[in-house]
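Novice:
Listed below in structure tokens is the structure:
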């Protein structure tokens, strides 16, 4: 090892002291001197601590020892805010590279720091002329803040790896720590991206296989599924992966989403919820029935898809949502003047007439209500949701079920109590709908001052008193008298449809003629459910209703 005498080093040692930090040993060993408010402030170098907390001028000592036996734990702290220390005990080289200088210091346990001729400003170093690498041994003396004191020099202080310091300022045994760190980060990022791409490829392959496996008609399914089968990927893309922004609403059956197919056709996708009360049978039932129905007042279905636990029905999109969206909202109800409401009443009647008499099969809807009447862009009504529908063949006019399903307030009394359903069950529901459309009121709410009458009872009392006008929604009363005569006729027809006995109710062919004014209206008999007794949920529970033999009846409002 070659020692460099003090007289061979900086010219800075020969100048006249400019402040107290220029006085040799002001802050002691391993400490940096800084002038603050004309006073010298002593601070320990990185990796050192004060020898005497009460007197910082006595210098500093290492807060942990470097480990010569485990060189990988020794690193160097890079500082550019330090005038190079006294060079009394140094070793210098003119030809070493930076990493060689680093390794040279690391190989000697006495080496405290090293400097290298790589100035920040590209000027000649403050080190000895022609010198590239300088190593310091033992304690470091006469260091200070270089502000206003010549050029800055890179100095690397040796510290244990465990010493707390900003990692970007550390230099390892094999070169610059930050460069190694950057290289490691780049490698990790590349590996991560590669794994993501591989994972996505595997996912896509499995997804396509799953689509082919689940979104296809199984051999065990009935052969009479006449609707097109949609690919789950197509539906997911159309609905933006069933996003909340595309959600149109949610009923007891499950959520409904708006979608747009690749060709621009807008669709509504009904997803059957596992908690809806509907099962595979109801799902298949709706597919089979609606595929065979073609009428302008029935919603059109484009196809279906089953994917694992998902059951999806794809309908035509109805831009004006459902009837209840308008008639039960005070601000939106004014958008439906009487001509539009009468058009809706007549459209529903014609749709039911088709189901009961003109379709290939006689179909009982069993869940006719305001939310199941959809409106297109011209406010034309379309009957939807055939999951609970039943078909009759030949001369059959009624059926019986052990499971009563539907919606409170719209169920005919014979169906709610004994499970007996027929076309007259739908007529009863239609009567309720007429009264709701004319009045803008919900069938199960209470409307008299004693809170005992529901909508049906209120309409019945109004007719008996000869004051049916009070049932008509106020925003409609400004219409011409001819319109109000139609409204009164609708109230009368509604009360005929909700009579207690099925035999007293008209069929839909008679209702259509009554609405057109081509048939005289008979006087209705007292209706069912006049008071609030039947409007509460409890009164529709299976335990409170009369039973027929061993018949087990449940009532669900899942739709």
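Residue numbers (UniProt numbering): 1 to 559. Even for Gly, the Cβ is constructed at its ideal location relative to N, Cα and C.
#1: Which class does residue 23 belong to by DSSP, given the choice of helix, strand or coil?
#2: Check this for me: beta carbons of residue 367 and residue 319, under 8 Å apart or not?
#3: Got a sec, what are the start and stop residues for the beta strand (DSSP E) residue 489 sits in?
#4: Have a look at the DSSP bridge pairing and note the partners of residue 43.
#5: How many Å lie between residue 56 and residue 184 at the Cα?
#6: Using DSSP with H/G/I as helix, E/B as strand and the rest coil, what is residue 302?
#7: Output yes or no for whether 8 Å exceeds the beta carbon distance between residue 87 and residue 155.
#8: Over what stretch of residues does the alpha helix (DSSP H) that includes residue 513 continue unbroken?
#9: Following the continuous alpha helix (DSSP H) through residue 368, name the residue where it begins and the one where it ends.
#10: Whole angstroms is fine: what's the gap from residue 115's alpha carbon to residue 38's?
#11: Helix, strand or coil: which one does DSSP assign to residue 313?
#12: So, residue 92 versus residue 27, is the Cβ gap smaller than 8 Å?
#13: Assuming residue 436 is part of the alpha helix (DSSP H), what are its boundary residues?
#14: I want to know whether the stretch 407-427 touches the stretch 468-476 - three or more CB-CB distances under 8 Å.
#15: Kindly indicate the opening and closing residues of the alpha helix (DSSP H) around residue 234.
#16: Quick one: measure Cβ to Cβ for residue 328 and residue 442, integer angstroms, because I've assumed they're closer than 8 Å.
#17: Which residue from 527, 357, 344, 269 puts its Cα closest to that of residue 241?
#18: Between which two residues does the alpha helix (DSSP H) harbouring residue 346 extend?
#19: Rounded to a whole number of angstroms, what is the C-alpha to C-alpha distance between residue 508 and residue 264?
#20: Verify whether the separation of the beta carbon atoms of residue 493 and residue 434 is less than 8 Å.
#21: Please report the straight-line C-alpha distance between residue 231 and residue 313, rounded to a whole angstrom.
#22: Helix, strand or coil for residue 192, going by three-state DSSP, please let me know.
#23: Provide the residue span of the alpha helix (DSSP H) that contains residue 111, from first to last.
#24: Output the distance between the C-alpha atoms of residue 126 and residue 90, rounded to the nearest integer angstrom.
#25: What are the boundary residues of the beta strand (DSSP E) that includes residue 267?
#26: Grab the span of the alpha helix (DSSP H) containing residue 413 for me, first residue to last.
#27: In chain order, what residues of the same chain lie with their CB nearer than 6 Å to the CB of residue 386, ignoring the 5 residues before and after it?
#28: From residue 59 to residue 138, what does the alpha carbon distance come to, in whole angstroms?
#29: In chain order, what residues of the same chain have a beta carbon less than 8 Å from the beta carbon of residue 361, not counting five sequence neighbours either side?
#30: If contacts are defined as beta-carbon pairs under 8 Å, then residue 271 and residue 322 qualify, I think. What distance do you get, rounded to the angstrom?
#31: Who are the near neighbours of residue 378 in its chain, counting only those whose CB is closer than 8 Å to its CB and skipping five residues on each side?
#32: Can you tell me whether residue 155 is helix, strand or coil according to DSSP?
#33: Closest by CA to residue 325, which one among 436, 420, 234?
#34: Within the same chain, show all residues whose beta-carbon is closer than 7 Å to that of residue 527, passing over the 5 residues directly before and after it, in chain order.
#35: Between residue 75 and residue 100, what straight-line distance do the alpha-carbon atoms span, to the nearest angstrom?
#36: Are the CB atoms of residue 157 and residue 113 nearer to each other than 8 Å?
Specialist: Judging by the given coordinates:
#1: coil
#2: no
#3: It is not in any beta strand (DSSP E) - residue 489 instead sits in the alpha helix (DSSP H) that spans 481-497.
#4: 32
#5: 40 Å
#6: strand
#7: no
#8: 508-515
#9: Unbroken run through residue 368: none, as it is neither H nor E.
#10: 29 Å
#11: strand
#12: no
#13: 423-439
#14: no
#15: 232-238
#16: 6 Å
#17: 269
#18: 338-353
#19: 38 Å
#20: yes
#21: 12 Å
#22: helix
#23: Here residue 111 belongs to no alpha helix (DSSP H); instead the beta strand (DSSP E) covers 111-116.
#24: Only weak support exists for where residue 126 lies, its pLDDT of 48 falling under 50; the value from the coordinates is given anyway. Approximately 14 Å between the Cα atoms of the pair.
#25: 266-271
#26: 413-418
#27: 286, 289, 290
#28: 13 Å
#29: 289, 292, 391, 392, 393
#30: Residue 271 to residue 322, Cβ: 17 Å. No contact.
#31: none
#32: strand
#33: 436
#34: 456, 460, 495, 498, 499, 500
#35: 14 Å
#36: yes
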